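S.K.: Dropping the structure in here first, questions after.
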Amino acid sequence: MSRRRSVPSKSRTRRIVLPDAGDEPVHEASLTGGSAKQIQELIDLLRQNNLTELEFERQGIRIRVRHELLARPLATSAQDSVPTPPQQPMHSASAATSVSDASTGFVTVTSPIVGTFYRSPSPDADPYVEEGESVKKGQVLCIVEAMKLMNEIESEVDGRLVKILVESTKSVEYGQALFLIDPKAAS
Amino acid sequence: MSRRRSVPSKSRTRRIVLPDAGDEPVHEASLTGGSAKQIQELIDLLRQNNLTELEFERQGIRIRVRHELLARPLATSAQDSVPTPPQQPMHSASAATSVSDASTGFVTVTSPIVGTFYRSPSPDADPYVEEGESVKKGQVLCIVEAMKLMNEIESEVDGRLVKILVESTKSVEYGQALFLIDPKAAS
Amino acid sequence: MFKKVLVANRGEIALRVIRACKELGIKTVAIHSEADALALHVRAADEKVCVGPAESALSYRNIPNVLSAAEITGVDAIHPGYGFLSENAHFAEVCESIGIKFIGPSSENIAMMGDKAKAREIVAKRGLPVTPGSPGELRSEEDALQAAQKIGFPVIIKATAGGGGRGMRVVNKAEDLGRAFQAAQAEAKSTFGNDGVYLERYFLEPRHIEVQILADQHGRVVHLGERDCSIQRRHQKLVEETPSPVVDDKLRREIGRVAVEAVKAAHYRNVGTVEFLLDKDRQFYFMEVNTRIQVEHPITEMVTGIDLIKEQIRLAAGHPLSIRQQDVILTGHSLECRINAEDPEKFTPSPGVITKYSPPGGFGVRVDSAMESGSVVVPYYDSMIAKLITHGRDRQESMARMKRALGEFIIEGIKTTIPLHRRILDDPDFQKGHVSTTFLDRFLTG
Amino acid sequence: MFKKVLVANRGEIALRVIRACKELGIKTVAIHSEADALALHVRAADEKVCVGPAESALSYRNIPNVLSAAEITGVDAIHPGYGFLSENAHFAEVCESIGIKFIGPSSENIAMMGDKAKAREIVAKRGLPVTPGSPGELRSEEDALQAAQKIGFPVIIKATAGGGGRGMRVVNKAEDLGRAFQAAQAEAKSTFGNDGVYLERYFLEPRHIEVQILADQHGRVVHLGERDCSIQRRHQKLVEETPSPVVDDKLRREIGRVAVEAVKAAHYRNVGTVEFLLDKDRQFYFMEVNTRIQVEHPITEMVTGIDLIKEQIRLAAGHPLSIRQQDVILTGHSLECRINAEDPEKFTPSPGVITKYSPPGGFGVRVDSAMESGSVVVPYYDSMIAKLITHGRDRQESMARMKRALGEFIIEGIKTTIPLHRRILDDPDFQKGHVSTTFLDRFLTG
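Residue numbers (this note's numbering), protein chains in the order written: chain W, 1 to 187; chain L, 1001 to 1187; chain U, 2001 to 2446; chain X, 3001 to 3446.
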């Protein structure tokens, strides 16, 4: 899980009265029993039914379980019954900001808050990190500004930054994917 | 198709002004192309899909296509793919009052009108016919009284009356099954 | 009050009647064709009887089977809905003769009002305004020419037994009259089995204004205000509203008074609708009386709070009117859009399975429909599958609500006229209320 | 008027607000938790922002994320609905400070009315009837004993910050008072973080009567009649109606005047509800002011024709009241049944997938819900999934309509309270209007 630090903004155009966002237990919740069980049921379904893909979509819940063929050689046919873990269930109650994708091995860094995404600490400064560069656990990757507070988003793995998924100055919602990191490429 | 004749009722408690029910083209309509095509589609579906049973049910339309195992020896397994014709599609636009069931070979005599079913011409008379008896084409099987008119329902096949499906004096709706006749047992 | 009523119809109006009966504590019997065995109106009723195959002539309009269904289920009364047997004077007469109450006017009322020329005559005799035209049926071409010259061209020739635009001919000048007269007679004969025709002044951009009336057995009559049904395609109404954007209080009082006098002149009973034509100079003319509940009755219910079907049943049961004219208060504005299972541009029917049906809801929104997810729109009957009705404090609010509700209405699997209604609601002329019966033709071609 | 509004809620009330905004031509932003990504309120809005995981404390009640969502989408105003942040004075204050209009009363209004003992004091000072009780917060057991002896037993001890039945203790005699006082203090402290308690006379079979008010920025206040919410289970309303079967015109005028004076005394603005207790002798006593739109607001809309959410938005935008007291006309009678996803006998929650959802329709029936076939009732939030509202010319008609609509309402896949509502509607005491807040307990145990 990535951490964020709140630092005061340099441009204080509006007075704000806010509880310190850092005090909110936003990323303390764990995956609830309910959704974990549902995901397990889908995995079981996939396994029992010899399927490669199983999609479950309902209002309020969207879960997708897919088997990536490229990840490993297959035993007999395309109808391999061994499932992979679900890719980032949207219904998860966990505020996890990094999710590992078993098919690619990449770690997805997601936004733990709603705000505006900045790749650099100020408009004229260099970006914190570029695609292809190595990143260390605890290294700041970007800022998400929320209510004039600058929240630094840190990497929580060592690895190589494969992809930046959001343009600087764009707004991001809770859980939105920001970066892909390849932890196997840690230098 | 069975025929009916309108005869005046003996008990004329109410004066009625009615077009002669016999003039209505109630049983002249043929199976519409639309429903016949849908049934054929289901049969094709069943054949292509190697199923024993296929049920199609929607508001306004209910079609059931089933393969009766007892009717013939099976080629390989219970999953025989040869379909039988549909048993009396309810959606049929035809006002057929006799429908042949290919699995049993029995002919079902249905009511061409709405009314009250009587097995005998008058309360103290003998029934027109009993189960197990032979019937001839054109023989009166029962009366369906509608609006004080006694409509005689005739058999339109030779055969043996296997089953009487409605109790005397009960009301019957359009298309309701009244008798089963086995035409193979014609004497 | 009746104990059990047979509903001799299908679709939304059958469900509408069943709902009213349930609220009155009356048991219901649904009839259905084989195509409608699983329809919602059948499941909503207490009992059901199959009366024939899909074709309505052999089922819903099959008088012996419908009456037999009424007899074997022991009902007190039959509600005919609209269409089918609702304006069949013979059916009403048979019901009367066998002691089953026909929920509607008397067979005499139906027969008299069914003869359009006769109805005009009765109303004109009372000194009420009818469209200038021939005094009665035209006997000859000479008759026609004389009448046309008296009222001035253009004129329209109509069948006395007519309806739905058939048997009609517009004539612009005297030399075309002879041929048009003969053609109209021939068409009337072949369509209605009656070659009677009459002639009226033809108005270029009239509005269709109709007045809802209620009349009890004691001769008391009230009217419930007007409906503006000017948005029509080939004489089929598509959008209706009340109050009309062009009818003010003074005109409403006048036209209401004329409607009441017209039905009084005809000794009419039960619910009915008096149809008028309103020209550009705000002159109104009697056209005809519809002797059934109308498709568009809900908009009147929305602004008056009066349940017309319940009132109709009570009147048929011999109850006196429960309201006086001064009790009728029109509150706000109401619109109805008829949702048809049709291509919204070509108007070709679109039967099939409704794979998803999700009606709009919330304040001021009413849906009258017998559809749900999985319903089948069969090709044998009318294509109207739902009526979307909104009510607001004023016309602006009820239009805004209609737009929002049309946006929420999800019907998948078939094509519907919802997109057309959204376009009409966006039209500046419609928004300003500047419409006539020719609006939709121009709208569709323009 | 606002150009874009963020709706800081979910479910039917979020959809209700979005519908009102659409009709006013205002763009909408939905927020949602991860559990509600595909919910109807999200799809109905113009924009959407995910504000956190399923738990409402981390999403719908997460002030920084909700305000960030408002900032990144550039809205002018936030509508809080009911529950969640709707009565959070701090949230309203932050909105005010950053220039985003909180659609509701001021943060001062919320804070003041949130302190139940304080609100009672303000109203009592104005000479208006409050339940006999301690003048303000009780400081000690001696205080409590003195107050109780003055007003007479039984008494009820309540938390000043309270609500929903928590922190309450009924005391029948003096010797039980000490222990109850301590227990209530401890419960208040642990539930609300505030051990303030006060004491009132305890009425045995009171009715819960509340008055809807609207107040503009210029201090003008109108009331829209009362709602009778006596059918409750553990202080949760289940069935509401207006007008109350026991309130006549005279009592309505009096209670309305007191409600208006109470909110004037508190300099209250926007919509609000003044709750009263009505005893068997038809004496009424002020209880508290709810500073939000209420769940049961639709029944007032049905009888007044006034869209309360639109009115609330207009008032928040600074518009003066569009209606005067004499313009408020109550027409007919309206009932609301809250349909909860609960076992109708044990009241255990019943989350799950709604395999079939088919709402009732027709005249006088309104459904406020954000459910459809395939919707998932998630276990994280309130169990109310639909509000079924009927309107009729009188109480008899609206009850008959409710019975028929409950019979039509199909919700499959989960359990709902529909069967309970049908039983309540069949109860002779309910039908006669002979109910109090203890009705449901007796009904369920009897």
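Ideal Cβ positions, reconstructed from N, Cα and C, are used throughout, including at glycine. Predicted, not measured: the structure shown is a model, and the values here were computed from it.
(1) Determine which residues of the segment 3041–3068 of chain X have a Cβ less than 7 Å from any Cβ of chain W, and write them out in chain order.
(2) Please identify the residue among W:Lys-184, W:Ile-164, W:Pro-183, W:Asp-182 whose C-alpha is closest to the C-alpha of W:Phe-117.
(3) Are at least three pairs of beta-carbons, each pair with one atom in the segment 2314–2332 of chain U and one in the segment 2420–2428 of chain U, less than 8 Å apart?
(4) Measure the alpha-carbon distance for L:Ser-1120 versus X:Gly-3433 and round it to whole angstroms.
(5) Count the other CB atoms within 10 Å of the CB of L:Val-1082; is the residue buried (16 or more) or exposed (fewer)?
(6) Count the other C-beta atoms from every protein chain shown that fall within 10 angstroms of the C-beta of L:Ala-1095, then say buried if there are 16 or more, exposed otherwise.
(7) Counting only beta-carbon atoms, is X:Gly-3362 nearer than 8 Å to chain U?
(8) Going by Cα to Cα distance, which pick from U:Ile-2329, U:Val-2211, U:Arg-2314 is closest to U:Gly-2272?
(9) At a Cβ threshold of 8 Å, is U:Val-2367 touching chain X?
(10) If you measure from the beta carbon of W:Val-129 to each beta carbon in chain X, is any gap under 8 Å?
(11) Using CA coordinates, which residue listed in X:Ala-3092, X:Lys-3116, X:Gly-3332 is at the minimum distance from X:Ser-3107?
(12) Tell me, please, whether the CB atom of X:Arg-3401 is closer than 8 Å to any CB atom in chain U?
(13) For U:Gly-2114, does the three-state DSSP call read helix, strand or coil?
(14) Looking at X:Ile-3100 and X:Ala-3077, is the spacing between their C-beta atoms short of 8 Å?
(15) Enumerate in chain order the residues of its own chain whose CB-to-CB distance from U:Leu-2015 is below 7 Å, with the five nearest sequence positions on each side excluded.
(16) Name, going along the chain, the residues of the segment 2205–2218 of chain U whose beta-carbon falls closer than 7 Å to a beta-carbon of chain X.
(17) Can you find a CB in chain X that lies within less than 8 Å of the CB of U:Glu-2372?
(18) Taking only three categories from DSSP, how would you classify X:Phe-3102?
(19) How would you call X:Asn-3340, buried or exposed, if buried means at least 16 neighbouring beta carbons within 10 angstroms?
(20) Taking DSSP as the reference, what is the three-state secondary structure of X:Gly-3133?
(21) Using the Cα positions of U:Val-2130 and U:Asn-2290, report the straight-line distance between them to the nearest angstrom.
(22) Looking only at its chain, what residues have a beta carbon closer than 8 Å to the beta carbon of U:Lys-2237, apart from the 5 residues adjacent to it on each side?
(23) Cβ of U:Thr-2348 within 7 Å of any heavy atom in the ligand HEM?
(24) Starting from the beta carbon of U:Gly-2305, find every residue of chain X whose beta carbon is closer than 7 Å, and list them in chain order.
(25) Is DSSP giving X:Thr-3242 helix, strand or coil here?
(26) Could you check whether X:Gly-3392 and X:Arg-3401 sit closer than 8 Å to each other, using their CB atoms as the reference points?
(27) When burial is assigned at 16 or more other CB atoms within 10 Å of the CB, is X:Ile-3329 buried or exposed?
(28) Note down the Cα distance separating U:Cys-2050 from U:Met-2001, rounded to an integer number of angstroms.
(29) Check whether the Cβ of U:Ile-2410 lies closer than 8 Å to any Cβ atom in chain B.
(30) List the whole-angstrom C-beta distance separating W:Val-107 from W:Ser-100, where the pair is believed to meet the contact cut-off of C-beta under 8 Å.
(31) Compare the C-beta of W:Thr-169 with all C-beta atoms of chain X and state if any pair is closer than 8 Å.
(32) Taking U:Lys-2387 as part of the beta strand (DSSP E), name the residues at either end of that continuous run.
(33) Run through DSSP, which three-state label would L:Leu-1045 get?
(34) Taking the continuous alpha helix (DSSP H) assigned at X:Leu-3251, which residues delimit it?
(35) Beta carbon of U:His-2223, beta carbon of U:Val-2260: below 8 Å?
(36) Mind listing the chain X neighbours of W:Ala-146? Cutoff is C-beta to C-beta under 9 Å, in chain order.
M.R.: To lay it out plainly:
(1) Answer in chain order: Val-3049, Cys-3050, Val-3051, Gly-3052, Pro-3053, Ala-3054, Glu-3055, Leu-3058, Asn-3062, Ile-3063, Pro-3064, Asn-3065, Leu-3067, Ser-3068.
(2) W:Ile-164
(3) no
(4) 57 Å
(5) Legend: pLDDT at L:Val-1082 = 35, less than 50; position of this residue unreliable, no value from coordinates given.
(6) Summary for L:Ala-1095: the model assigns pLDDT 32, below 50, so the residue's position carries little reliability; its value from the coordinates is reported in the next sentence. For L:Ala-1095, the number of other beta carbons within 10 angstroms of its own is at least 16, and it is reported as buried.
(7) yes
(8) U:Val-2211
(9) yes
(10) no
(11) X:Ala-3092
(12) Judged by the 8 Å Cβ criterion, X:Arg-3401 is in contact with chain U.
(13) Residue state, collapsed to three classes: helix.
(14) If you check the CB distance, X:Ala-3077 and X:Ile-3100 come in under 8 Å.
(15) For U:Leu-2015, where only same-chain residues beyond five positions count, the Cβ hits under 7 Å are Leu-2040, His-2041, Ala-2044, Ala-2370.
(16) Those residues of the segment 2205–2218 of chain U placed with their C-beta closer than 7 Å to a C-beta in chain X do not exist.
(17) yes
(18) strand
(19) Flag for X:Asn-3340 reads buried.
(20) strand
(21) 16 Å
(22) His-2208, Cys-2229, Ile-2231, Val-2295, Glu-2296, Arg-2338
(23) As for the ligand HEM, it is missing from this structure, which has no ligand bound.
(24) Thr-3331, Gly-3332, Arg-3393
(25) In the structure shown, X:Thr-3242 falls within a strand segment according to DSSP collapsed to helix, strand and coil.
(26) Contact flag set, yes.
(27) exposed
(28) Distance between the alpha carbons of U:Cys-2050 and U:Met-2001 is about 26 Å.
(29) Going by chain labels, chain B is absent from the structure shown, which instead holds the protein chains W, L, U and X.
(30) W:Val-107 to W:Ser-100, Cβ: 5 Å. Contact.
(31) no
(32) 2384–2392
(33) Unreliable positioning characterises L:Leu-1045 in this predicted model, as indicated by a pLDDT of 47, which lies under 50. The coordinate reading is nonetheless provided below. Helix at L:Leu-1045.
(34) 3249–3265
(35) yes
(36) Pro-3064, Asn-3065, Leu-3067, Ser-3068, Glu-3071, Ile-3072
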